[in-house]
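Structure first, then comments.
Number of protein chains: 2
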Amino acid sequence: MPPEDRDALHWLTRKLEALSPLDEADRAGFAALPHIRRRLPAGAHLVREGVRVTECCLLVEGYACRHKLAATGGRQIVSFHMRGDLLDIQHLLLSVADHNVQAITEVEVAWIPKTELKDLAHARPAIADALWKDSLIDASVFREWVLNVGRRDAKSRIAHMLCEFIARCEAAGLGSPERIDLPMTQEQIADATGLTSVHVNRMLRALSEDGVIVRDRRRLQVANWRELRRVADFDPIYLHEAAA
Amino acid sequence: MPPEDRDALHWLTRKLEALSPLDEADRAGFAALPHIRRRLPAGAHLVREGVRVTECCLLVEGYACRHKLAATGGRQIVSFHMRGDLLDIQHLLLSVADHNVQAITEVEVAWIPKTELKDLAHARPAIADALWKDSLIDASVFREWVLNVGRRDAKSRIAHMLCEFIARCEAAGLGSPERIDLPMTQEQIADATGLTSVHVNRMLRALSEDGVIVRDRRRLQVANWRELRRVADFDPIYLHEAAA
DNA sequence: CGACAACTTGACGGGCGTCAACCGGAGTGG
DNA sequence: CCACTCCGGTTGACGCCCGTCAAGTTGTCG
């Protein structure tokens, strides 16, 4: 059958197995998880700040972002997500969401009851380890983002965001530096890098003029991967083999 | 016996119990953990980027910070730590450190073998949950920091950092808004907020002139806690009761 | 009392935000 | 098939927040 018809949980086990070894019983445990599959339009809220969460959202197709709002109205995107990402693993143990998750393209998601996933983790230590490790990698990525918005200039920040997104897409089998479709708008890139969309536009142009990337609408081609990584100060160690 | 002579692990169990219920056997499991206690001077490296970690560092006394370095030489502090914090819980599952942890005052630490802590977590699900929850709260704090450096102006950033630090000190029984000793230099505040020490100094003065804080060397008094929280845009929900 | 780190303050400049106008493609409806 | 609309992208002018540089002060520890 075509990949898009596969079991929704396939992409989750695929990702977790790359992090931590799972045996046949672990895989069976995942496969047996009850879940409800839904297709939602771009802009749909998948997790809303302040709300008590009872189900975990698994992203099966499309892209999403996690963001927080400042009192002044500013929005900060703190991560992008793609096929196979569990969007709110933290709500297995934290009851109230401290941020929002929103679809940035049309998405397909699978809702898994929190209690079922928690029971599975308690029953099978290898699964608990894999999920824990996944959440630790998330935390590592957040640390890198603090560095990115705190200590790099605009061009580096954007380059870094691109490097990370490309590396993660590649790990998920969704593209390569040679040709990648960016799902996010320049305004979303701005919200992820702590800049404005106007300045993002200027910097993307600069990266083009430097011959580092080639742009054609939302399609991006990395003309010089080594140079992009250098400008970005990108060292994938912080992804902890999630992208290896 | 005086509190400072108590078992090193007391502060860890005290903190974790506030997050997640532990029974007598869980507490006994912690108490039985082998560990080596050490006193180290300010500036000592507790975790070093790129190094394979075999022991977990528990902070028993004093203060530490976690930081990353940019290629341009910039330093970004991504969190501060105090009594009772496990400094590298992430290395239970991630083998290589992606950042540094350094003492900012004289500290007392306890080194716990990774394998022992991991075995304990596997043997006692309540402990695994408590540790996992602790690391999820860490991640939540990182997300808030991304927002802080990405989307707030200098005065708010510093105010926010102060609010968080005070709230966490209070939770750890180390001070209150009425009188708190800041262990960090203005340069460290700058590295935590993505600013320069010069500008931190200007903003601290501004906060004083606004009548929000009163400074006397490293000693800080919050003159108007409500106003400080307002300026900081501080909503402690992201600490997930760690400070409740 | 000398040395050193941390703090303080002022002058100046630049990177990025703000504002505003315009363009271009995709979808929609007549 | 062509207007119309709308969202996202593009570009320029201008200004401010914060970085940089530099000099001086204060507190601490030997």
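As they're listed, the protein sequences go chains D and Z.
Heads up: the first sequence begins at 1 in our numbering, then just goes up one per residue.
Heads up: the second sequence begins at 245 in our numbering, then just goes up one per residue.
All residues carry an ideal CB built from backbone N, CA and C; glycine is no exception.
Residue i versus residue j - alpha carbon distance
i        : j        : result
Arg258/Z : Gln334/Z : 20 Å
Ser489/Z : Val458/Z : Any answer about residue 489/Z is impossible in this case: the structure gives chain Z only from 245 up to 488.
Gly287/Z : Thr349/Z : 7 Å
Gly318/Z : Asp7/D   : 46 Å
Val351/Z : Arg281/Z : 11 Å
Asp98/D  : Asp479/Z : 10 Å
Pro246/Z : Leu182/D : Only weak support exists for where Pro246/Z lies, its pLDDT of 44 falling under 50; the value from the coordinates is given anyway. So the alpha carbons of these two residues sit roughly 59 Å apart.
Ala223/D : Leu16/D  : 31 Å
Ala436/Z : Arg283/Z : 25 Å
Met56/D  : Leu12/D  : Before going on, a small fix: residue 56/D reads as Cys here, not Met. Spanning the two alpha carbons is a distance of roughly 12 Å.
Ala31/D  : Met428/Z : 50 Å
Glu170/D : Pro177/D : 8 Å
Pro357/Z : Leu263/Z : 23 Å
Ile77/D  : Gly394/Z : 9 Å
Glu4/D   : Gly438/Z : Confidence is the limiting factor: at Glu4/D the pLDDT is only 47, short of 50, which leaves the residue's position unreliable, though a coordinate-based value still follows. Whole-angstrom Cα-Cα distance: 43 Å.
Gln432/Z : Ala308/Z : 11 Å
Ile371/Z : Asp270/Z : 7 Å
Ile158/D : Glu164/D : 10 Å
Leu331/Z : Gly294/Z : 16 Å
Ala354/Z : His279/Z : 6 Å
Arg226/D : Asp210/D : 13 Å
Arg139/D : Phe386/Z : Inspection of the sequence shows that residue 139/D is occupied by Ala rather than by Arg. Those two C-alpha atoms are separated by around 7 Å.
Asn445/Z : Ala434/Z : 9 Å
Arg217/D : Lys312/Z : 34 Å
Leu290/Z : Val297/Z : 10 Å
Arg230/D : Ala398/Z : 29 Å
Ile481/Z : Leu94/D  : 11 Å
Arg423/Z : Arg310/Z : 25 Å
Glu61/D  : Ala130/D : 21 Å
His199/D : Ala206/D : 10 Å
His240/D : Ala367/Z : 26 Å
Leu120/D : Glu268/Z : 25 Å
Gln346/Z : Ile410/Z : 20 Å
Pro21/D  : Lys133/D : 12 Å
Any non-hydrogen atom of the ligand SAH within 7 Å of residue i CB
i        : result
Cys301/Z : Inclusion of the ligand SAH in the displayed structure is not the case, the ligand content being empty and no account of it being possible.
Beta-ladder partner(s) of residue i, from DSSP
i        : result
His325/Z : Ala308/Z
Pro113/D : Glu55/D
His289/Z : Gln346/Z
Gln320/Z : Lys312/Z
Arg152/D : BP columns for Arg152/D are empty, so no partner.
Ile280/Z : Trp355/Z
Leu330/Z : Leu302/Z
Val96/D  : Arg52/D
Residues that residue i contacts on chain Z, provided the C-beta gap is smaller than 9 Å
i       : result
Leu12/D : None at all; the shortest Cβ gap to chain Z is about 18 Å.
Val47/D : Result: empty, since nearest Cβ-Cβ is about 12 Å, beyond 9 Å.
Neighbour list for residue i in chain D, Cβ cutoff strictly below 9 Å
i        : result
Gly318/Z : Leu147, Gly150, Arg151 and Arg152
Under 8 Å from the C-beta of residue i: neighbouring residues of chain D
i        : result
Ile481/Z : Gly50, Val96 and Asp98
His484/Z : Leu94, Val96 and Asp98
Chain Z residues whose Cβ lies nearer than 7 Å to that of residue i
i       : result
Phe30/D : Here the premise fails: no neighbours, minimum Cβ distance about 18 Å.
His81/D : Within chain Z, no residue comes near His81/D; the closest Cβ sits about 13 Å away, beyond 7 Å.
Chain-ordered neighbours of residue i on chain D, where CB pairs are closer than 7 Å
i        : result
Phe386/Z : Ala139, Phe142, Arg143 and Val146
Val442/Z : Neighbours of Val442/Z on chain D: none; closest Cβ ~16 Å, over 7 Å.
Neighbour list for residue i in chain Z, Cβ cutoff strictly below 8 Å
i        : result
Val212/D : Result: empty, since nearest Cβ-Cβ is about 16 Å, beyond 8 Å.
Val53/D  : By Cβ distance, chain Z contributes nothing, its closest Cβ being about 13 Å from Val53/D, past 8 Å.
Which residues, in chain order, does the stretch 420 to 439 of chain Z contribute to contact with chain D at a C-beta distance below 7 Å?
-> Gly438: these are the residues of the stretch 420 to 439 of chain Z whose beta carbon lies less than 7 Å from some beta carbon of chain D, given in chain order.
Unbroken stretches of the beta strand (DSSP E), 3 residues or longer, contained in the stretch 155 to 234 of chain D | Here the runs fully enclosed are 213 to 216 and 219 to 222.
For the stretch 463 to 479 of chain Z, which residues have a beta carbon sitting closer than 9 Å to at least one beta carbon of chain D?
-> Answer set for the stretch 463 to 479 of chain Z: Arg474, Asp477 and Asp479.
Taking any Cβ of chain D, which residues in the stretch 352 to 384 of chain Z have a Cβ under 8 Å from it, in chain order?
-> Hits within the stretch, in order: His366, Pro369, Ala372, Asp373, Trp376, Lys377, Ser379, Leu380, Ile381, Asp382, Ala383 and Ser384.
According to a CB-to-CB cut-off of less than 7 Å, which residues of the stretch 89 to 105 of chain D neighbour chain Z?
-> Listed in sequence order: Gln90, Leu93, Leu94, Val96, Asp98 and His99.
Residues of the stretch 58 to 71 of chain D whose Cβ lies closer than 9 Å to any Cβ of chain Z, in chain order | Flagged, chain order: Arg66, His67, Lys68, Leu69, Ala70 and Ala71.
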